[in-house]
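A.B. asks: I'd like to ask some things about the structure below.
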Amino acid sequence: TEPRPQTHQRRAFFSTPTNPSPLQHQILRQERPVVKIKAKDYNLNFNGEEVEKFIRKVEKIAQIEGAREEDLAMQMAFWTTDSKNSDAIEAMPGYEEGNWSQLKKDLITKWGRVEPERKYRKDSLINLFNDTQDAGGISTLSQYKRFIGEYETIITYLLRYKYIPQENMFHEDLFDCLSADIKGAISKEMIKENVMV
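Taking full-length UniProt numbering as reference, the numbering of the sequence shown is continuous, increasing by one, and the terminal residue is 197.
What follows is the structure, encoded as structure tokens:
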């Protein structure tokens, strides 16, 4: 008996040809219906901010819905309630061609950031140190908890985005934020243990 022909499984997301031509896009559209992604089902509303994050979210949704690249490109302009953003998207080459790879580049070129908008700077730490010292320094547990909470939030952010090389560059500043009584007690203990302050 002749071998049974293999059945072709449905192609997964991103299985379309790399940089397909407009003709290929037209053929692909004719082969199957568009997989529609409803904005309200996934709370999609592109506002021109965090475009890279929005793209990642849309691509995850596409995997869930079984949508392909051209489906995303064709619908991108409908995932915003801002008419200016919608008009800008519709004028992009990737949207006109139904080419998601190109449209992603277009979106990032217009709305992407070279680096994230900075929440904290090194000055944020300096201000925290100065304010604490001006208030007389840390002398109670509640003051310490409040201070260390702010400090860890800022230092974690600065290290994550490599705005500072290392945390221990602020050790002396941390010590200076203690009240005079606590600094004196620590200094005595460190001298007793033969440790430099």
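No residue lacks a Cβ here, since even glycine has one placed at the ideal position from N, Cα and C.
State the start and end residues of the unbroken alpha helix (DSSP H) segment that holds M74.
C.D. replies: 69 to 75 is the extent of the alpha helix (DSSP H) around M74.
A.B. asks: Who are the near neighbours of S86 in its chain, counting only those whose CB is closer than 6 Å to its CB and skipping five residues on each side?
C.D. replies: The residues are A77, T80.
A.B. asks: Count the C-beta pairs between the segment 130 to 148 and the segment 172 to 183 that are closer than 8 Å, then say yes if the count reaches three, no if not.
C.D. replies: These segments touch.
A.B. asks: Going by beta-carbon coordinates alone, are W111 and A73 separated by less than 7 Å?
C.D. replies: Contact: no.
A.B. asks: As a quick exercise: from K145, K119, Y151, R118, pick the residue whose alpha carbon is nearest that of N130.
C.D. replies: Here the closest residue by C-alpha is Y151.
A.B. asks: Is it the case that the Cβ atoms of E65 and V35 are separated by a distance below 7 Å?
C.D. replies: Cβ atoms of E65 and V35: closer than 7 Å.
A.B. asks: Given a threshold of 16 other Cβ atoms within 10 Å of its Cβ, counted over all protein chains shown, does R10 qualify as buried or as exposed?
C.D. replies: With a pLDDT of 42 at R10, under the threshold of 50, the predicted position of this residue should be treated as unreliable, though the coordinate-derived value follows. R10 should be labelled exposed.
A.B. asks: Spatial neighbours of Y157 within its chain, please: CB distance less than 7 Å, with the 5 preceding and 5 following residues excluded, ordered by chain position.
C.D. replies: Cβ neighbours of Y157 beyond the five flanking positions: K119, Y120.
A.B. asks: Relative to the C-alpha of E49, which candidate in T109, A91, A67, Q63 has its C-alpha closest?
C.D. replies: When only C-alpha atoms are compared, the closest one is T109.
A.B. asks: Using the beta-carbon count (16 or more within 10 Å), is G136 buried or exposed?
C.D. replies: Flag for G136 reads exposed.
A.B. asks: Alpha helix (DSSP H) containing A62: first to last residue?
C.D. replies: Taken as a continuous stretch (DSSP letters only), the alpha helix (DSSP H) holding A62 covers 51 to 65.
A.B. asks: Output needed for F147: all residues of its chain with C-beta closer than 8 Å, excluding positions within five of it in sequence on either side, in chain order.
C.D. replies: Excluding sequence neighbours, F147 sits near L128, T132, I138, C177.
A.B. asks: The alpha helix (DSSP H) that contains P93, what's its start and end?
C.D. replies: That run of the alpha helix (DSSP H) goes 93 to 97.
A.B. asks: Output the distance between the C-alpha atoms of Q6 and A91, rounded to the nearest integer angstrom.
C.D. replies: Since pLDDT at Q6 reaches only 49, below the 50 mark, its modelled position is unreliable, and no value is offered.
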